[in-house]
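Some notes on the structure that comes next.
Protein chains: 2
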Amino acid sequence: MTTSVLKVNPKLDLVLERDIDVPVEKAWMAWTTPEHLKPWFSPKPWVITHCEMDLRPGGAFKFDMQGPEGDKQWFTACYLEIVPQRRLVWTLALEPGFRPSAKETLPGVKSFTAVIEFEAKGKATLYRATALHPDEASAKTHDDMGFTEGWGTALTQMVEYLKSGAI
Amino acid sequence: MTTSVLKVNPKLDLVLERDIDVPVEKAWMAWTTPEHLKPWFSPKPWVITHCEMDLRPGGAFKFDMQGPEGDKQWFTACYLEIVPQRRLVWTLALEPGFRPSAKETLPGVKSFTAVIEFEAKGKATLYRATALHPDEASAKTHDDMGFTEGWGTALTQMVEYLKSGAI
């Protein structure tokens, strides 16, 4: 379901793909409204206490993740592509307004671009999250850090949240 | 003429603004077709021998610059925003396909995003090129390297090319 402009490279990228038992409209809403992203986006016991979205190319996607000890990490990403109910692309390599970021995203992970894809399958959805990295070292560190488990846990939380009738 | 999503910071950015005596349609074409970019985009005696454009968000903008001794530099940028005859945005912080770039753009210039803006003024055009940098050091190095003179000379070459009746 990836468009031709996106090229996945197994040496540089991490992919999480899963059929989820929720309709694409709800999965899209969970990704594109702060109130419906906060409840699931961070694997517990970490929580999101703040989230801002300016949903247009160049707009800000800003959120924190707060640990059980109260320690906080902030992330400020830039939206790149928004195709409702199909594809959402944002990057930590740019700040909002398309300015190159001066910061390393995570220790050992220079930066990454996230591509979230959705494909309607009746009342279910084929969901795929891809993290595109600049180099093998960043991809490996992100993998070792638990990308698949972390994003997988968050996705499970998303499905539970959506099935609870929140939307 | 900058949209709200773009925020210029005088400490980080370099701006070249000039009224040019060519219509906006032609200035836009000079920026968006390889055959009409190659003749002017590199300040002489450097020349462009190769240019590729995949004019869509995420698409490639790839070109070389060849010096009089035959030495070549290659640049591979990613288009971010294309608003015909108004604004063209591309970055060297991302490779085509939105992947974060692993390369430093120029020695001492980590990367930059270029925002080229056009405003029709009758048969003339208000033209503005802005380079957005991640940090002050990159901006200063780019400035010392001759951004204003280099991009200014290229713009003069563009106007001459367009006035010669090439388009």
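Read top to bottom, the protein sequences are chains A and B. Be aware that the first sequence starts at 11, since it is given in our numbering, and climbs by one per residue. Be aware that the second sequence starts at 11, since it is given in our numbering, and climbs by one per residue. All C-beta atoms, glycine included, are put in the ideal place defined by N, C-alpha and C.
* Start and end of the alpha helix (DSSP H) containing Lys72 (chain A)? -> Your numbering for residue 72 (chain A) matches position 62 in the first sequence. In the DSSP annotation of this structure, Lys72 (chain A) is not part of any alpha helix (DSSP H); the continuous beta strand (DSSP E) holding it starts and ends at Ala70 to Gln76.
* Asked: Tyr89 (chain B) bridges to which residues according to DSSP?
  -> Walking along the second sequence from the start, residue 89 (chain B) turns up at place 79. The partner list for Tyr89 (chain B) (beta bridge, DSSP) reads B:Trp100.
* Does DSSP put Pro110 (chain A) in a helix, in a strand, or in coil? -> Position 100 of the first sequence, counting from 1, holds the residue named residue 110 (chain A). Three-state DSSP puts Pro110 (chain A) in a strand.
* **Among A:Trp161, A:Thr123 and A:Ala149, nearest to Leu90 (chain A) - alpha-carbon criterion** => Sequence index remark: in the first sequence, residue 90 (chain A) carries index 80 (1-based). By alpha-carbon distance to Leu90 (chain A), the top candidate from A:Trp161, A:Thr123 and A:Ala149 is A:Thr123.
* To do: From the DSSP output, in three-state form, read off Glu167 (chain B) for me.
  => Locating residue 167 (chain B) in the second sequence gives position 157, counting from the first residue. The question names Glu, but residue 167 (chain B) is Gln in the sequence shown. Residue state, collapsed to three classes: helix.
* Work out the CA separation of Leu65 (chain B) and Met75 (chain B) for me, nearest whole Å. => Counting from one through the second sequence, the residue named residue 75 (chain B) turns up at place 65. Counting from one through the second sequence, the residue named residue 65 (chain B) turns up at place 55. If I take the Cα positions, the gap works out to 20 angstroms.
* Determine which residues share a DSSP beta bridge with Glu127 (chain B) and list them. => The sequence position of residue 127 (chain B) within the second sequence is 117, counting from 1. Answer is B:Arg97 and B:Arg138, bridged to Glu127 (chain B).
* To do: Could you tell me which of A:Leu47, A:Pro67, A:Pro78 and A:Ala87 sits nearest to Tyr171 (chain A), measuring between CA atoms?
  => Against the first sequence, residue 171 (chain A) aligns to sequence position 161. Answer by Cα proximity: A:Leu47.
* To do: Taking C-beta pairs closer than 7 angstroms, name the residues in chain A that Ala112 (chain B) reaches, listed in chain order.
  => Here residue 112 (chain B) is taken as the residue at index 102 of the second sequence, counted from 1. The answer, in chain order, is Pro144 and Asp145.
* To do: Output, in chain order, the set of chain B residues within a Cβ distance shorter than 8 angstroms of Pro67 (chain A).
  => The sequence position of residue 67 (chain A) within the first sequence is 57, counting from 1. Going along chain B in sequence order, the residues near Pro67 (chain A) (Cβ under 8 angstroms) are Val15, Pro67, Leu90 and Glu91.
* Asked: What separation, rounded to the nearest whole angstrom, lies between the Cα atoms of Ser174 (chain B) and Ala164 (chain B)?
  -> Position 164 of the second sequence, counted from the first residue, corresponds to residue 174 (chain B). Position 154 of the second sequence, counted from the first residue, corresponds to residue 164 (chain B). Going by the C-alpha atoms only, they are around 15 angstroms apart.
* For Arg97 (chain A) and chain B, any beta-carbon pair shorter than 8 angstroms? -> As a working mapping, residue 97 (chain A) is identified with position 87 in the first sequence. It does not: the Cβ of Arg97 (chain A) has no partner Cβ on chain B nearer than 8 angstroms.
* Asked: Who are the near neighbours of Pro94 (chain A) in its chain, counting only those whose CB is closer than 7 angstroms to its CB and skipping five residues on each side?
  -> For the purposes of this step, residue 94 (chain A) is taken as the residue at position 84 of the first sequence. Once the five neighbours on either side are set aside, the close Cβ partners of Pro94 (chain A) are Trp38.
* Whole runs of the beta strand (DSSP E) within the region 43 to 67 of chain B, excluding any shorter than 3 residues -> Counting only runs of 3 or more, we get 61 to 63.
* Asked: Could you check where the beta strand (DSSP E) with Asp29 (chain B) kicks off and where it finishes?
  -> The sequence position of residue 29 (chain B) within the second sequence is 19, counting from 1. Note, Asp29 (chain B): beta strand (DSSP E), Asp23 to Ile30.
* Asked: Is Lys82 (chain B) helix, strand or coil by DSSP?
  -> Position 72 of the second sequence, counted from the start, is the residue given in the question as residue 82 (chain B). Reduced to three states, the DSSP call for Lys82 (chain B) is strand.
* Which residues of chain E have a Cβ atom closer than 8 angstroms to the Cβ of Thr101 (chain B), listed in chain order? -> Checking the listed chains, one finds no chain E in this structure; the protein chains it contains are A and B.
* Compute the beta-carbon to beta-carbon distance between Ala130 (chain A) and Asp31 (chain A), rounded to the nearest angstrom, for a pair I have assumed lies under 8 angstroms. => Translated into the one-based positions of the first sequence, residue 130 (chain A) becomes position 120. Translated into the one-based positions of the first sequence, residue 31 (chain A) becomes position 21. For Ala130 (chain A) against Asp31 (chain A), the beta-carbon gap comes to about 13 angstroms, at or over 8 angstroms, which does not count as contact.
* Report the residue from B:Asp153, B:Thr101 and B:Arg97 whose alpha carbon sits nearest the alpha carbon of Gly118 (chain B). => Locating residue 118 (chain B) in the second sequence gives position 108, where the first residue counts as 1. Of the candidates B:Asp153, B:Thr101 and B:Arg97, the one whose C-alpha sits nearest the C-alpha of Gly118 (chain B) is B:Asp153.
* Just the Cα atoms here: how many angstroms apart are Glu146 (chain B) and Lys36 (chain B)? -> As a working note, residue 146 (chain B) is residue 136 in the second sequence. As a working note, residue 36 (chain B) is residue 26 in the second sequence. Cα to Cα, Glu146 (chain B) sits roughly 34 angstroms from Lys36 (chain B).
* Between Phe71 (chain A) and Val15 (chain B), what straight-line distance do the alpha-carbon atoms span, to the nearest angstrom? -> Along the first sequence, one-based indexing puts residue 71 (chain A) at 61. Along the second sequence, one-based indexing puts residue 15 (chain B) at 5. Spanning the two alpha carbons is a distance of roughly 12 angstroms.
* CB contact below 8 angstroms: Phe85 (chain A) versus chain B -> Counted from its first residue, the first sequence places residue 85 (chain A) at position 75. So, not an interface residue.
* Asked: Which of helix, strand or coil does DSSP assign to Met11 (chain A)?
  -> Locating residue 11 (chain A) in the first sequence gives position 1, counting from the first residue. With a pLDDT of only 49 at Met11 (chain A), under the threshold of 50, the placement of this residue in the model should not be trusted; the figure read from the coordinates follows. Of the three classes helix, strand and coil, the one that applies to Met11 (chain A) here is coil, per DSSP.
* To do: Measure the C-alpha to C-alpha separation of Ala149 (chain B) and Asp23 (chain B) and round it to an integer number of angstroms.
  => The count along the second sequence starts at 1 and reaches residue 149 (chain B) at position 139. The count along the second sequence starts at 1 and reaches residue 23 (chain B) at position 13. If I take the Cα positions, the gap works out to 6 angstroms.
* **Residues near Pro55 (chain B) by beta carbon distance below 8 angstroms, same chain, minus five either side** => To locate residue 55 (chain B), count along the second sequence from 1; it is residue 45. The residues are Gly77 and Pro78.
* To do: Using 10 angstroms around the beta-carbon of Pro33 (chain A), count the other beta-carbons present and answer buried if the total reaches 16, otherwise exposed.
  => Mapped onto the first sequence, residue 33 (chain A) falls at position 23. Per the 10 Å Cβ criterion, buried.
* Asked: Does any residue of chain A bring its CB to less than 8 angstroms from the CB of Phe122 (chain B)?
  -> Taking the second sequence and counting its residues from 1, one reaches residue 122 (chain B) at position 112. At least one chain A Cβ lies under 8 angstroms of Phe122 (chain B).
* Asked: Can you name, in chain order, every residue of its own chain whose Cβ lies under 6 angstroms from the Cβ of Val57 (chain B), other than the five neighbours on each side?
  -> Numbered from its first residue, the second sequence carries residue 57 (chain B) at position 47. Contacts found: Gln76.
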